[in-house]
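Peer 1: Please find one structure pasted underneath; my questions will follow.
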Amino acid sequence: MRVQVLIKEEQGHKTTRREIVLNIAIIGAGYVGLVTGVCLADIGHKVTCVDVDKQKVLKLKKGIVPIYEIGLEDLLKKNIKNKRITFTTSIKEATKSSTVIFIAVGTPSKKNGDADLTYVENVARQIALNMDSYKLIVEKSTVPAETGKRVARTISLNLPKKHKKDGKEKLDFDVASNPEFLREGSAIEDFMNPDRVVIGVESKRAEEILREVYKPLDPHMVVTDINSAEIIKHASNSFLATKISFINAISQICIHIGADVLKVAEGMGYDKRIGKKFLNAGIGFGGSCFPKDVDAFIRLSEKSGYDFSLLKEVRNVNENQKASFVKLIEDKLWIVKNKVIGVLGLAFKPDTDDMRNAPSIDIIEALQAEGAKIKAYDPVSMDNSKNIFKNIVYCEDPYALAKGCDCLLVLTEWDEFKDLNFKRLKTAMRQPIIFDGRNLYHNKDLESYGFEYFGVGRGVL
Ligand code: UDX
Ligand code: UDX
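Residue numbers for the sequence shown follow our numbering, beginning at 171 and rising by one.
Here it is as structure tokens:
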């Protein structure tokens with residue numbers, strides 16, 4: 171099917187601006203798929219978003235966003251109004267009305283660390299069964315290398331008989347990889363201003379179509395084969411996780427030697443070859459990507475015959491960062507049993523409600539196992555937390571949280587925690603101790619208010 175092109179004339183100057191409007195389907199309207207769909211609509215394409223979750227689709231049709239992502243609801247409402255985005259539970263409807271079909275369904279971890287591709291395979295099959303013309307099927311979800319080949323094979327095997335002659339498919343299609351690099355909390359910004367757009371393609375036609383998809387953003391395009399594109403995604407996430415575990419390992423050395431990891435990171439970061447970003451020591455990385463993608467890459471490497479011991483150590487350092495933070499609390503509180511601990515921040519990072527693999531989960535459960543009583547406050551993720559934790563008292567603000575606490579933990583570095591009234595906090599607490607898991611505060615400031623302050627890697631404890 172020819173790529174559908176609409177010529178639109180700009181008003182006023184009578185100039186003709188050739189806008190490429192593609193019909194695009196996004197299968198899976200989660201954190202990744204929904205942001206991708208809304209942004210593709212906003213840059214001018216016609217988008218159909220599919221999700222298996224009927225309730226989610228009903229909310230989205232009304233312009234209600236089921237996740238917390240700054241700016242997303244306004245952008246969604248604008249594009250619903252412009253009739254550039256619609257929602258459905260039907261893969262059939264979306265397949266028939268689109269040329270480009272992005273697969274953005276979940277790829278959760280299996281117990282052994284492998285990515286579970288059940289949803290990806292199922293969606294590939296549903297697309298095949300409903301194809302009646304050329305389609306470009308694009309992997310947006312983070313998937314192991316060689317998944318593209320498996321998607322292509324699934325489609326070939328499931329094409330309706332009418333599209334086959336002597337067992338060979340008559341209907342033309344392409345599969346491509348287009349990994350996402352969106353950070354939760356800045357996903358729209360990251361989509362609209364990408365450092366690069368990576369496309370893994372096996373045909374000129376697929377390359378041209380994907381270039382048209384992203385043309386309005388005029389990004390730097392990295393064009394390669396599908397396997398390399400899939401590896402770029404795993405390698406990028408794994409490298410970022412490695413950088414975080416590196417500075418976390420340095421924080422442990424700083425504790426033993428007596429140095430300030432913030433100063434070490436500052437001194438390192440001015441070197442342009444190192445860079446300042448992702449050098450914040452703390453209780454480690456969480457989220458729906460780094461932990462899962464590190465595990466998946468380790469497994470993928472093992473299966474390909476390489477023991478990725480470096481990445482295994484990245485994972486070990488990350489686990490140890492949480493354990494050593496709990497140990498610090500046990501050391502300084504002395505008796506944990508029946509102590510009241512106030513937790514400031516639950517989400518895996520600020521500006522999101524996402525609790526997937528949040529470091530707060532292991533830390534809180536370890537302290538509860540020691541008999542601690544937990545109170546918690548988080549600006550947006552307390553609803554999601556209620557499905558995860560048992561026996562936690564949720565508070566409506568940091569001051570209600572502090573009341574009667576034997577210590578406070580900072581587990582998410584929300585902006586609103588930056589300028590709390592520490593005098594008021596101290597008065598409310600039973601004893602003024604702060605364990606700062608994200609090095610949000612400067613010890614000197616808090617010690618001047620009479621707090622005992624413990625950060626991560628901030629000198630000898
Ligand atoms: C997920 C993975 O975590 C990420 O690694 C991958 O790159 C993209 O998919 P995310 O968007 O955060 O990212 O997942 P999630 O929020 O779980 O959204 C997946 C959506 O797909 C959900 O809304 C789910 O209802 C939907 N889905 C899942 C389908 O529509 N069909 C399915 O068969 C399975
Ligand atoms: C990440 C990648 O950045 C993004 O490119 C990919 O598409 C999805 O996964 P995200 O998980 O949303 O994005 O958040 P990010 O900002 O990368 O933080 C991930 C985790 O690392 C968080 O738990 C954060 O607290 C932690 N982190 C980040 C650190 O501990 N130190 C840092 O310096 C930076």
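Glycine included, each C-beta is placed from N, C-alpha and C at the ideal position.
If you run the structure through DSSP and keep just helix, strand and coil, what is R628?
Peer 2: strand
Peer 1: Which residue spans inside the stretch 366-428 form an unbroken alpha helix (DSSP H) run of at least 4?
Peer 2: 374-384, 396-427
Peer 1: Leaving out the 5 sequence neighbours to the left and right, which residues in its chain are closer than 6 angstroms to L299 when beta-carbon positions are compared?
Peer 2: N328
Peer 1: First and last residue of the beta strand (DSSP E) that includes C219?
Peer 2: Note, C219: beta strand (DSSP E), 216-220.
Peer 1: Give me the Cβ distance between T206 and F272, rounded to the nearest whole Å; I'm assuming they're in contact under 8 angstroms.
Peer 2: 6 angstroms
Peer 1: Could you tell me if the beta carbon of G276 falls within a distance shorter than 7 angstroms of some heavy atom in ligand 1?
Peer 2: yes
Peer 1: With a threshold of 16 other CB atoms inside 10 Å of the CB of A517, please say whether the residue is buried or exposed.
Peer 2: buried
Peer 1: K266 to L242, Cα distance in whole Å?
Peer 2: As the crow flies, the alpha-carbon of K266 is around 27 angstroms from that of L242.
Peer 1: Tell me, please, which residues DSSP counts as bridged to E309.
Peer 2: I273, S347
Peer 1: On a Cα-Cα basis, can you pick out the residue from I240, G276, N490 that is closest to I196?
Peer 2: G276
Peer 1: Give me the Cα-Cα distance between S408 and I369, rounded to the nearest whole angstrom.
Peer 2: 19 angstroms
Peer 1: Do you know offhand how far V222's Cα is from G445's?
Peer 2: 41 angstroms
Peer 1: With a cut-off of 8 angstroms, do at least 3 Cβ pairs link the stretch 555-562 to the stretch 586-596?
Peer 2: no
Peer 1: Using the C-alpha atoms, what's the distance from K462 back to R155?
Peer 2: Since the first residue shown for the chain is 171 and the last is 631, residue 155 is missing from the structure and cannot be characterised.
Peer 1: Output yes or no for whether 8 angstroms exceeds the beta carbon distance between I534 and I544.
Peer 2: yes
Peer 1: How is D342 classed by DSSP in three states: helix, strand or coil?
Peer 2: coil
Peer 1: Whose C-alpha, out of P364, G607, K332, E316, is nearest the C-alpha of C209?
Peer 2: The residue among P364, G607, K332, E316 with its C-alpha nearest the C-alpha of C209 is P364.
Peer 1: Taking 7 angstroms as the cut-off, is the beta-carbon of A399 closer than that to any non-hydrogen atom of ligand 1?
Peer 2: no
Peer 1: Do P520 and G355 have their CB atoms nearer than 8 angstroms?
Peer 2: Cβ distance < 8 angstroms, so P520 and G355 count as in contact.
Peer 1: Output the boundary residues of the beta strand (DSSP E) element that contains C577.
Peer 2: First-last of the beta strand (DSSP E) with C577: 577-580.
Peer 1: I need the DSSP call for Q174, collapsed to helix, strand or coil.
Peer 2: A caution first: Q174 carries a pLDDT of 42, below 50, which makes its placement in the model too unreliable to give a value.
Peer 1: Report yes or no: do the stretch 596-608 and the stretch 571-579 share at least 3 C-beta pairs separated by less than 8 angstroms?
Peer 2: yes
Peer 1: So V367 and Y384 are supposed to be a Cβ contact under 8 angstroms. How far apart are they, rounded?
Peer 2: 5 angstroms
Peer 1: Please report the straight-line C-alpha distance between L387 and V510, rounded to a whole angstrom.
Peer 2: 51 angstroms
Peer 1: Can you look up E239 in the DSSP assignment and give me helix, strand or coil?
Peer 2: coil
Peer 1: Could one say the Cβ of S311 lies closer than 8 angstroms to chain D's Cβ atoms, at least one of them?
Peer 2: Among the chains in the structure shown there is no chain D, since it carries only a single protein chain.
Peer 1: Residues bridged to V513 by DSSP?
Peer 2: Beta-bridge annotation (DSSP): V513 is paired with A546, L579.
Peer 1: In this structure, how does DSSP classify D585 when only helix, strand and coil are distinguished?
Peer 2: helix
Peer 1: Measuring only from the beta carbon, is V220 closer than 7 angstroms to any heavy atom that is part of ligand 1?
Peer 2: yes
Peer 1: Measuring only the C-alpha atoms, how far is I402 from I468?
Peer 2: 14 angstroms
Peer 1: Kindly identify the DSSP beta-bridge partner or partners of S279.
Peer 2: A285
Peer 1: Identify the continuous alpha helix (DSSP H) that holds F448 and give its terminal residues.
Peer 2: Neither: F448 is in no alpha helix (DSSP H) and is coded neither H nor E.
Peer 1: So A211 and V202 are in contact, right, with Cβ under 8 angstroms, and what is the actual spacing, rounded?
Peer 2: The pair is not a contact, with the Cβ atoms about 15 angstroms apart (cut-off 8 angstroms).
Peer 1: Less than 8 angstroms between the CB atoms is what I'm expecting for A451 and V464, so what's the real figure, rounded?
Peer 2: About 18 angstroms separates the CB atoms of A451 and V464; that is not less than 8 angstroms, and the two are not in contact.
Peer 1: Does the distance between the C-beta of N609 and the nearest non-hydrogen atom of ligand 2 fall short of 7 angstroms?
Peer 2: Set against 7 angstroms, the gap from the CB of N609 to the closest heavy atom of ligand 2 is not smaller.
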